[in-house]
Ligand SMILES: NC(=O)c1ccc[n+]([C@@H]2O[C@H](COP(=O)([O-])OP(=O)(O)OC[C@H]3O[C@@H](n4cnc5c(N)ncnc54)[C@H](O)[C@@H]3O)[C@@H](O)[C@H]2O)c1
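In the working numbering, the protein residues as written are 1 to 327.
See below:
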C-alpha cells in the first residue's frame, strides 16, 4: 500500500495529529503507531472527538495526548515543539453545523488553523499537511472536479476550508513553511461519529438500519458523492507528509476514490450488506449541500503517487462489520 522507502523512515519521525481523537485523526494514529513512528502526539479538545477512539493507543510509549485547543496559540506552540510533520485534522466539520453556528465554526477552522500554521513556523516543523474539503468546489458544475476550477462557495464551512488554502499558500510564500492541502471527498470508515445531528450519511444509514429505523434521504436520492474509504485518506496523508517530490509542495490535491455513487445506490448497498428490507424516507434538500461531487484524482496520482486501494463496496463491508461489532 505504502512505498517501502517512505515506510522505513517513519520510525525516525515525530508526528502531530491535531483532531486525533476524531474519525480521520484516530485512523492516522493507528497507522503511524503500527509502523513504529518515533512519536505520535495528539492535540484535541474532545469537542467532537472521543477518548474511545484513542484508548487503544494509551499504553504505547510513542503515543502522547495533549488535551488542548487549537484556538489557543500556546496549546499549538506546545504541541508542535520538536515535531517533524503536522497532520492537521482538527476542525468543526459539517455544512449544516456551520450554517447553524458560523461563528464557532469560523473560530475553530480559521483562527485555529492560523494558530497551527504560525506555531509550526515558530517550531520549524518540516511539513504541514492539512485537511481541506471538496466543499471548496461550491456551485462549479465541472465533472469530475479538477483542482484548478472552483465555483462560488455555498456554506460558511466551505469558506473556512477555502480560507485555510489561502493562508497555507501565503505561509509557504512568506515563511517558507512546506504545506500540502488535501481536499477530502466524503470519507467513511471505522470510528466515524454515528451520533448527533451532524453525523455523516454513511454512519447514519448504518446506524438507522442496525436499529431497524428508516434513514432519511434529503432530496430524491439522485445526489452523488465520491465516497472515500479511510485507508485511502491515511495513505494520502502519509504520502503528502513524506514525499520527496518538491513539486508537490504548496499544492492542493483531491483525495477521493475517483468514483461516483448516488445516495439511492449507497442506501441499496448498505441495506444489502445488512440484509435489511427497510426503505428510506425522502425529505426536502438541505441548504448548502453540493448536488454532485466526483473527483479527478490524477494530480494526486501523478505528484504524490497516490493509489486508492479500497473501493466503496469493500470499504462499506469493512465499515458495516466494524459498526456491527460495536453493538
Ligand atoms: N469526514 C469527512 O468526510 C471529511 C470531508 C472533508 C473534510 N474533512 C475534514 O477532515 C478533518 C477531520 O474530520 P473528521 O471527519 O475526522 O471529523 P471529527 O469531528 O471526527 O474530528 C475532528 C477532531 O477535531 C477535534 N477538534 C475540534 N475542534 C477542536 C479545537 N478547537 N481544538 C482541538 N481539537 C479540536 C475534535 O474534538 C475531533 O476529535 C476536518 O478538518 C474536516 O473538516 C472531513
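Note that beta-carbon positions come from the ideal geometry of N, C-alpha and C, so glycine has one too.
Alpha carbon to alpha carbon, how far is residue i from residue j?
i, j, result
"residue 196", "residue 204", "9 angstroms"
"residue 267", "residue 283", "15 angstroms"
"residue 153", "residue 60", "42 angstroms"
"residue 142", "residue 232", "23 angstroms"
"residue 208", "residue 276", "11 angstroms"
"residue 250", "residue 223", "32 angstroms"
"residue 86", "residue 40", "10 angstroms"
"residue 254", "residue 138", "14 angstroms"
"residue 236", "residue 220", "33 angstroms"
"residue 161", "residue 34", "30 angstroms"
"residue 7", "residue 278", "44 angstroms"
"residue 79", "residue 158", "26 angstroms"
"residue 177", "residue 273", "45 angstroms"
"residue 15", "residue 129", "11 angstroms"
Using the three-state DSSP reduction, which class does residue i fall into: helix, strand or coil?
i, result
"residue 130", "strand"
"residue 213", "coil"
"residue 286", "coil"
"residue 75", "helix"
"residue 31", "helix"
"residue 298", "helix"
"residue 194", "coil"
"residue 175", "helix"
"residue 316", "helix"
"residue 262", "strand"
"residue 151", "coil"
"residue 254", "strand"
"residue 50", "coil"
"residue 169", "helix"
"residue 355", "The chain is shown from 1 up to 327; residue 355 falls before or after that span and cannot be answered."
"residue 273", "helix"
So, is residue i buried or exposed, given that buried needs 16 or more other C-beta atoms within 10 angstroms?
i, result
"residue 44", "buried"
"residue 5", "exposed"
"residue 165", "buried"
"residue 190", "buried"
"residue 103", "exposed"
"residue 82", "exposed"
"residue 9", "exposed"
In terms of alpha-carbon separation, which member of the options lies closest to residue i?
i, options, result
"residue 312", "261, 302 and 272", "261"
"residue 96", "76, 32, 320 and 286", "286"
"residue 179", "247, 227 and 98", "247"
"residue 23", "192, 289 and 82", "192"
"residue 308", "317, 319 and 295", "295"
"residue 280", "190, 302 and 269", "269"
"residue 47", "105, 2, 117 and 76", "105"
"residue 11", "181, 127, 31 and 271", "31"
"residue 2", "241, 133, 183 and 77", "241"
"residue 56", "243, 188 and 20", "20"
Using a Cβ-Cβ cut-off of 7 angstroms, state whether residue i counts as contacting chain C.
i, result
"residue 21", "You won't find chain C in this structure, because it holds only one protein chain."
State whether the region 304-324 contacts the region 165-175, with contact taken as three or more CB pairs (one from each stretch) at a distance under 8 angstroms. no
**Meets three-Cβ-pair contact criterion under 8 angstroms: the region 142-151 and the region 209-218** = Touching, no.
Check whether the region 97-113 and the region 61-71 touch, using three or more Cβ-Cβ pairs below 8 angstroms as the test.
A contact exists between the region 97-113 and the region 61-71.
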